[in-house]
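FYI, the working numbering numbers position 176 of the sequence shown as 174, with every residue one higher than the one before it. Even for Gly, the Cβ is constructed at its ideal location relative to N, Cα and C. What you are looking at is a predicted structure, and each value in this text was computed from that prediction instead of being measured. Working notes, beginning with the structure itself.
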Amino acid sequence: MAWAQAACAICLSRGKKNAPCIIFIDEIDAVGRHRGAGLGGGHDEREQTLNQLLVEMDGFESNEGVILMAATNRPDVLDPALLRPGRFDRRVVVGLPDVRGREEILAVHTRKIPLADDVQLNVLARGTPGFSGADLANLVNEAALMAARHNRKSVLQFDFEVAKDKVMMGVERKSMILTDEEKKNTAYHEAGHALVAAKLPHSDPLHKVTIIPRGMALGLTMQLPTDDRHNYYKEYLETRIAISMGGRIAEELFLNQMSAGASSDIEKATELARKMVCEWGMSSMGPIAYGKKEEQIFLGREIAQHRDYSESTAVKIDEEVKKFVTDGYNKAKEIISGDRESLERLALALIEREVLDAPEIALLLEGKALPPLPIPAKDDAMQQVIKPDHGRTAPAKGERPATA
């Protein structure tokens, strides 16, 4: 990779000749990783390129008018020599946009797209917490493709909702055929998640429940927070664990069986409980961090965790983790056992309709019947497609068709 060194030197030298100018280096972590932590010793090509970059940056003088900018999503692995004053001495953190930022980003990406009158960008912004600019661009693109597939001249709010589900939950696997037993098991499993999420006070509002396979999952229970979350509290995390246990409990109480479908839920609940104990100090173990993560910076990922505590402490940690998960399990079991009728209604509605949104879930929990499914109406564009003679009025009975 001697060419990388040469390219680095040429780029920076040309910048000096063309001053004033701005030199931008994207993905600086590709060549700026911490030296001395690689697998190839201390004189590999990547470190040589970094050394060349550092030498050239030291050659800049205050009156040359050259500004060097770089971007990375891994600032933790950069070499300290890059971040000292005189080199990259200022950091600008670009986080995920808030609700106002998402609305403005959606306005930018929809400028050239014909929108229907029912489209509300502020509603879409509130319903997409955690989305980055690229996610929002993908959302608009998917909505436009959905409208184009149905020959619509403008993009409806319905298209954005379908696109949002696709981006959040994955593509529907319509080719995957579930047996009646698998469909019933999935319906009760997702109904258990939904019922616990609806009953607990610190839970995020339910958005949609589906038993249509998406991605690697046979069914999904989607929740959307009302506001952007920047911090997590103990009550909220305990609620998350209880919701994760709801699917397994519904299978046990209503189907008298256990399936492998709860493996992901159990894994997430256990991981969350362990973080509460070992990283966030939310247990009786006290505000102490247990376990030091060891990272191989050359590979850029965590490969091990160093145990800096005794065996007796490890036993206590396991007991605290088990306590968090067991408490969530018992809390979810109490909720489902106390409202079996609501879970039955949710499960049967899922088997019938396969998808339930928030208003429908609220009706079922109140003991009310769901309205009949609406018959999809053909829009004007579709009517033009199915009309004979490319949209012109068909001749009446006994009338000769017009000729050109």
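Q: Please name the residue or residues paired with residue 207 in a DSSP beta bridge.
A: For residue 207, DSSP records a beta bridge to 219 and 354.
Q. Beta strand (DSSP E) containing residue 91: first to last residue?
A. Careful: residue 91 lies outside any beta strand (DSSP E) and carries neither H nor E.
Q) Could you check where the alpha helix (DSSP H) with residue 56 kicks off and where it finishes? A) 43 to 56 is the span of the alpha helix (DSSP H), which, as asked, contains residue 56.
Q) For the 8 Å Cβ check, are there 3 or more pairs between the region 336 to 349 and the region 242 to 260? A) Yes: the two stretches touch, three or more of their Cβ pairs being nearer than 8 Å.
Q: Compare the beta carbon distance of residue 246 and residue 264 with 9 Å and say whether it is the shorter of the two.
A: If you check the CB distance, residue 246 and residue 264 come in under 9 Å.
Q) Just to confirm, are residue 108 and residue 138 a CB contact at a threshold of 9 Å? A) A contact, by the Cβ cut-off of 9 Å.
Q. Can you name, in chain order, every residue of its own chain whose Cβ lies under 7 Å from the Cβ of residue 208, other than the five neighbours on each side?
A. The answer, listed in chain order, is 217, 218, 352 and 353.
Q.
Using the Cβ count rule (16 or more neighbours within 10 Å means buried), how would you classify residue 27?
A. Its Cβ being crowded by 16 or more others within 10 Å, residue 27 is buried.
Q.
Here's a check: name, in chain order, each residue in its chain whose Cβ is nearer than 7 Å to the Cβ of residue 348, leaving out the five neighbours to either side.
A. Here residue 348 has 185, 188, 189, 207, 209 and 354 as same chain residues with Cβ atoms under 7 Å from its own Cβ, once five neighbours each way along the sequence are excluded.
Q. Straight-line CA distance for residue 332 to residue 199?
A. One Cα belongs to residue 332, the other to residue 199, and the distance between them is close to 15 Å.
Q) Does the region 82 to 98 come close enough to the region 124 to 141 to have 3 or more Cβ pairs within less than 8 Å? A) When Cβ pairs closer than 8 Å are counted between the two stretches, the region 82 to 98 is seen to touch the region 124 to 141, the count reaching three or more.
(Q) Does the region 226 to 245 come into contact with the region 137 to 156, if we say contact requires no fewer than three beta-carbon pairs (one atom in each stretch) closer than 8 Å? (A) Not touching, per the Cβ criterion.
(Q) With a threshold of 9 Å between beta-carbons, can residue 363 be considered close to chain D, or not? (A) The question asks about chain D, but that chain is absent: this structure has only one protein chain.
Q: Report yes or no: do the region 77 to 86 and the region 111 to 123 share at least 3 C-beta pairs separated by less than 8 Å?
A: Put simply, the region 77 to 86 does not touch the region 111 to 123. Fewer than three CB pairs are less than 8 Å apart.
Q) Cα separation between residue 204 and residue 359? A) The alpha-carbon of residue 204 is positioned some 8 Å away from that of residue 359.
(Q) Output needed for residue 100: all residues of its chain with C-beta closer than 7 Å, excluding positions within five of it in sequence on either side, in chain order. (A) Cβ contact annotation for residue 100 (same chain, cutoff 7 Å, sequence separation greater than five): 123, 126, 129 and 134, in chain order.
Q) Under three-state DSSP, which class holds residue 153? A) Here residue 153 sits in strand by DSSP.
Q: Enumerate in chain order the residues of its own chain whose CB-to-CB distance from residue 268 is below 8 Å, with the five nearest sequence positions on each side excluded.
A: The residues are 319 and 323.
Q: Under 7 Å Cβ to Cβ from residue 329, same chain only, skipping five residues before and after it: list those, please.
A: Around residue 329: 240.
Q | Nearest neighbour of residue 257, chosen from 181, 165, 281 and 141 [CA to CA] | A | Ranked by Cα distance from residue 257, the first of 181, 165, 281 and 141 is 181.
Q. Where does the unbroken alpha helix (DSSP H) through residue 247 begin, and where does it stop?
A. First-last of the alpha helix (DSSP H) with residue 247: 232 to 248.
**Q.** Bridge partners - residue 24, DSSP secondary structure assignment
**A.** For residue 24, which the question treats as bridged, DSSP gives the partners 69.
Q: State buried or exposed for residue 214, treating a residue as buried only when at least 16 other CB atoms are found within 10 Å of its CB.
A: So residue 214 counts as exposed.
Q | Where the alpha helix (DSSP H) through residue 327 begins and ends | A | It spans 309 to 336 - the alpha helix (DSSP H) in which residue 327 sits, taken as one unbroken run.
Q.
Am I right that residue 131 and residue 191 are in contact with their C-beta atoms under 8 Å? What's the rounded C-beta distance?
A. With 8 Å as the limit, residue 131 and residue 191 do not qualify as a contact, their Cβ atoms being about 31 Å apart.
Q: Quick one: residues in its chain with C-beta nearer than 8 Å to the C-beta of residue 368, no 5 flanking neighbours on either side, listed in chain order?
A: Shown here for residue 368: same chain residues with a beta carbon closer than 8 Å to its own, the five before and five after excluded, namely 347, 351, 358, 361 and 362 in chain order.
Q. Residue 174: buried (16+ other C-beta within 10 angstroms of its C-beta) or exposed?
A. Around the beta carbon of residue 174, fewer than 16 other beta carbons lie within 10 angstroms, which makes this residue exposed.
Q. Quick one: what does DSSP say residue 140 is sitting in, helix, strand or coil?
A. Residue 140 carries a helical assignment under DSSP once its states are collapsed to helix, strand and coil.
**Q.** C-alpha gap between residue 90 and residue 74, whole angstroms
**A.** Distance between the alpha carbons of residue 90 and residue 74: 14 Å.
(Q) Quick check: what's the CA-CA separation for residue 276 versus residue 311? (A) C-alpha of residue 276 to C-alpha of residue 311: approximately 11 Å in a straight line.
Q) So residue 269 is in the alpha helix (DSSP H); what residue range does that whole segment cover? A) Counting along the chain, residue 269 sits inside the alpha helix (DSSP H) bounded by residues 261 to 276.
Q: Starting from residue 17, follow the alpha helix (DSSP H) in both directions and report where the run begins and ends.
A: No alpha helix (DSSP H) holds residue 17; DSSP gives it neither H nor E.
Q | residue 159 in three-state terms, based on DSSP | A | Looking at residue 159 - three-state DSSP - the assignment turns out to be helix.
Q) Ends of the alpha helix (DSSP H) at residue 288? A) Neither: residue 288 is in no alpha helix (DSSP H) and is coded neither H nor E.
(Q) Just to confirm my understanding: we take residue 119, look at its own chain, exclude 5 residues before and 5 after, and list those with CB closer than 8 Å. What are they? (A) These residues qualify, in order along the chain: 101, 104, 105 and 108.
Q: Verify whether the separation of the beta carbon atoms of residue 274 and residue 212 is less than 9 Å.
A: No, Cβ-Cβ distance for residue 274 and residue 212 is not below 9 Å.
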